[in-house]
Amino acid sequence: MQIIESLDAIRPADFASGSCVAIGKFDGLHLGHQAILERMRTAARSSGARSVAFTFANHPLSYLRPEACPRPLMSRAQRLEAIAGLGLDACVMVEFDEAFASIPAEEFVVDVLVGRLNAKHVLMGADFRFGHRGSGDGALLRALGERHGFTAEVLDWVEDDEAGQVSSSRIREALLAGDVEGAGRMTGRPVAVRGEVVHGDARGRELGFPTANLGGVIEGLVPADGVYAGWAVLDGVSHPAAISVGNNPTFTPDEVSRVEAYLLDFSDDIYGRTLEIRFAHRLRGMERFDGLDALVVQMHADVARARELLGA
Numbered sequence: 148m149q150i151i152e153s154l155d156a157i158r159p160a161d162f163a164s165g166s167c168v169a170i171g172k173f174d175g176l177h178l179g180h181q182a183i184l185e186r187m188r189t190a191a192r193s194s195g196a197r198s199v200a201f202t203f204a205n206h207p208l209s210y211l212r213p214e215a216c217p218r219p220l221m222s223r224a225q226r227l228e229a230i231a232g233l234g235l236d237a238c239v240m241v242e243f244d245e246a247f248a249s250i251p252a253e254e255f256v257v258d259v260l261v262g263r264l265n266a267k268h269v270l271m272g273a274d275f276r277f278g279h280r281g282s283g284d285g286a287l288l289r290a291l292g293e294r295h296g297f298t299a300e301v302l303d304w305v306e307d308d309e310a311g312q313v314s315s316s317r318i319r320e321a322l323l324a325g326d327v328e329g330a331g332r333m334t335g336r337p338v339a340v341r342g343e344v345v346h347g348d349a350r351g352r353e354l355g356f357p358t359a360n361l362g363g364v365i366e367g368l369v370p371a372d373g374v375y376a377g378w379a380v381l382d383g384v385s386h387p388a389a390i391s392v393g394n395n396p397t398f399t400p401d402e403v404s405r406v407e408a409y410l411l412d413f414s415d416d417i418y419g420r421t422l423e424i425r426f427a428h429r430l431r432g433m434e435r436f437d438g439l440d441a442l443v444v445q446m447h448a449d450v451a452r453a454r455e456l457l458g459a
């Protein structure tokens, strides 16, 4: 997939055959986003045009109202990988900054979508707005399409049988409540974080449960403190795991929250390597135990439950 990181880097010659463009924030790349992108890809394939996602490297609110900007569900790299996994030809991922925010809605359509991307069909979600002060909506997009020779399509919300309307904000709420299964239903895949495996305090190893601790910058939104069952992915290979998020109240109640995974039936040295942790089920909340014996008993129970849920 071709990745374009600025408007100036868009070469009209690359889109001489025309393009179908889906525009949106695509935070979390949930089922609603996937529906838009898949519909766009299908339209592009049937017309011989290139399929293009147009999105932002940062959340627009990080520039417009930083104090109100939500935590991103995915890092830039995670989003690009997920978008590429849908089989698109190109992704334009630009910084939402002062220069971009000042572009009038009609200028964005005429200069960028038509002039640079040679758009023949443009899709967006019903709640998306574009242009200076968000003045562009579905009605304007359709009107400009009639004027400039492209068709426009605005897709409604996608519904989840249990969660209702699928949205990035609802996924965020689910994760911050520890509902990784609900979040996973709305994204169509297990929610995941990743980071470098670093040295911890070795308490898990001393108790018979050596864990891989994520350190540094952790990509993705970490769910609420608790114990989970899921998968630890190393070099593309998935290993069943019992996962702990939070501090360890039995030892140091005020310790900084962390993410660590006990990989079942695994003993390799993986320090310094990148590990992705995929959350499948929440086992329990974080608890303080009266002593090590009680903690170890619970850890055995957590691992047994993780094995059962994961079929491991």
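Take the sequence shown: its letters are residues 148 to 459, numbered as in our numbering.
A virtual CB, placed ideally from N, CA and C, is assigned to each residue, including glycine.
These numbers were taken from a predicted model, which means no experiment stands behind them.
Asked	Found
Cutting at 7 Å between CB atoms, please list the residues of its own chain near Phe275, excluding the five before and the five after it.	Ile170, Gly171
If the criterion is Cβ atoms closer than 7 Å, does the pair Met433 and Gly393 meet it?	yes
Take Ile143 and list the residues in its own chain whose beta-carbon comes closer than 8 Å to its own, dropping the five residues that flank it on each side.	Only positions 148 to 459 of the chain appear in this structure, which leaves residue 143 out of reach.
Quick check on the DSSP output: the beta strand (DSSP E) that includes Ala290 runs from which residue to which?	Where Ala290 is concerned, there is no enclosing beta strand (DSSP E), although the alpha helix (DSSP H) it sits in stretches over 285-295.
Taking the alpha-carbon of Pro207 as reference, which of Phe277, Glu455, Pro337 has the nearest alpha-carbon?	Phe277
Could you please give the first and the last residue of the uninterrupted beta strand (DSSP E) stretch that includes Thr358?	First-last for Thr358: undefined, no H or E at that position.
CB Tyr418 to CB Val313, shorter than 7 Å?	no
How many angstroms separate the CA atom of Pro370 from the CA atom of Val327?	7 Å
For Phe426, which beta-bridge partners are listed by DSSP?	Val338, Gly377
Quick one: what does DSSP say Ala388 is sitting in, helix, strand or coil?	strand
Let me see if you follow: with CB-CB separation under 7 Å, is Asp236 close to chain C or not?	Reference to chain C is not applicable here, since this structure consists of a single protein chain.
Per DSSP, what are the beta-bridge partners of Met240 in this structure?	Thr202
On the premise that Pro219 lies in contact with Leu456, defined as a C-beta separation below 8 Å, what is that separation, rounded to the nearest angstrom?	The pair is not a contact, with the Cβ atoms about 28 Å apart (cut-off 8 Å).
Should Arg435 go down as buried or exposed, given a rule of 16 or more other Cβ atoms within 10 Å for buried?	exposed
Have a look at Met187 and Val269 and give me their C-alpha separation to the nearest angstrom.	8 Å
Short of 6 Å in beta carbon distance, which residues of its chain neighbour Asp372, apart from the five on each side in sequence? Order them along the chain.	Val392, Gly393, Met433
Measure the CB-CB distance between Arg197 and Ser166 and report whether it falls below 7 Å.	yes
For Gly296, count neighbouring C-beta atoms within 10 Å of its own C-beta (all shown protein chains included) and say buried if the count is 16 or more, exposed if not.	exposed
Can you name the start and end residues of the alpha helix (DSSP H) that Val122 belongs to?	Lying before the first or after the last residue shown, residue 122 is absent from the chain, which here runs from 148 to 459.
Note down the Cα distance separating Gly281 from Arg429, rounded to an integer number of angstroms.	38 Å
Give every residue of the same chain whose Cβ lies closer than 6 Å to the Cβ of Val374, excluding the five residues on either side of it in the sequence, and list them in chain order.	Ser391, Leu430, Arg431, Asp449
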